[in-house]
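This report refers to the structure that appears directly beneath it.
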Amino acid sequence: MKSKEQIFIIKNQKDTETFGIKLGRLAVPGTVIALAGDLGTGKTTLTKAIAKGLGISDIITSPTFNIVKEYDSGRLPLYHFDVYRIGDIDEMHELGYEEYFYGTGICVIEWADIIEELIPEDAVRINIEYGTEEGERIYKCIF
Ligand SMILES: Nc1ncnc2c1ncn2[C@@H]1O[C@H](COP(=O)(O)OP(=O)(O)O)[C@@H](O)[C@H]1O
Ligand SMILES: [Mg+2]
C-alpha cells in the first residue's frame with residue numbers, strides 16, 4: 000500500500016541537493032521518480048542531486064530534445080526523462096518506455112504529469128511548488 004502524502008518545506012537550493020542526494024542513496028532497483036512542477040521549480044536541479052546520490056560522476060544536462068538520457072557510471076543506471084516537449088504519447092511507446100519504467104534502473108521523469116497515464120502505480124511522486132520566500136519550494140511527496 001502506498002504511504003500518504005508527506006510535505007517537505009525546502010528552504011533553498013542546498014536543501015534540494017541534500018534531499019536529492021538522500022533519495023539517490025536510498026533508491027532501489029526499479030524506482031521510478033515522477034517529478035511535477037512549473038518551470039524553474041528545480042526538477043533538473045533535484046535530478047542532478049539524485050544522480051550525485053547514485054554516485055554518478057557525469058554532468059547531467061536536460062534531455063529536452065531527446066526525451067531520455069542514460070547515465071551508467073553510478074551504483075544503478077539512471078534514466079533521466081524530460082517529457083515537456085513530447086508531441087504525442089505515442090513517442091513514449093516508440094522509445095520503448097516500458098523497458099525503462101519496469102526495468103531495474105532508476106527513472107527520473109520531469110513533467111511526469113504530462114504522461115500521467117503511463118506512470119507506474121508504485122512510482123515515487125514529488126510535486127514541487129514555489130514557496131513564498133525566494134529559493135523556497137514545497138515538496139508534496141508520496142513514497
Ligand atoms: N530550493 C531550490 N531548489 C532548486 N532550485 C532552486 C532552488 N532555489 C532556487 N533555485 C534555482 O531555480 C532554478 C531551477 O531550475 P531547474 O532545476 O532547471 O528547474 P526545472 O527543471 O524545474 O525547470 C535554478 O536556477 C536554481 O538555481
Ligand atoms: Mg528541467
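Take the sequence shown: its letter number 12 is residue 11 in numbering that gives the first Met the number 0, and every next letter is one higher. Yeah, the Cβ is synthetic: ideal placement off N, Cα and C, and Gly gets one too. All values reported here derive from a predicted model rather than from experimental measurement.
Only buried fits residue 96, as 16 or more other CB atoms lie within 10 angstroms of its CB.
Remark: C-beta atoms of residue 46 and residue 123 do not approach each other more closely than 9 Å. Here the alpha carbon of residue 83 sits roughly 7 Å from the alpha carbon of residue 109. In terms of side-chain proximity, the C-beta atom of residue 109 is found nearer than 8 Å to a non-hydrogen atom of ligand 2.
Taken through DSSP and simplified to helix, strand or coil, residue 75 comes out as coil. The beta-carbon distance between residue 104 and residue 76, rounded to whole angstroms, is 4 Å. This is short enough to meet the 8 Å contact definition. In summary, residue 64 is exposed, with fewer than 16 beta-carbon neighbours lying within 10 Å of its beta-carbon over all protein chains present.
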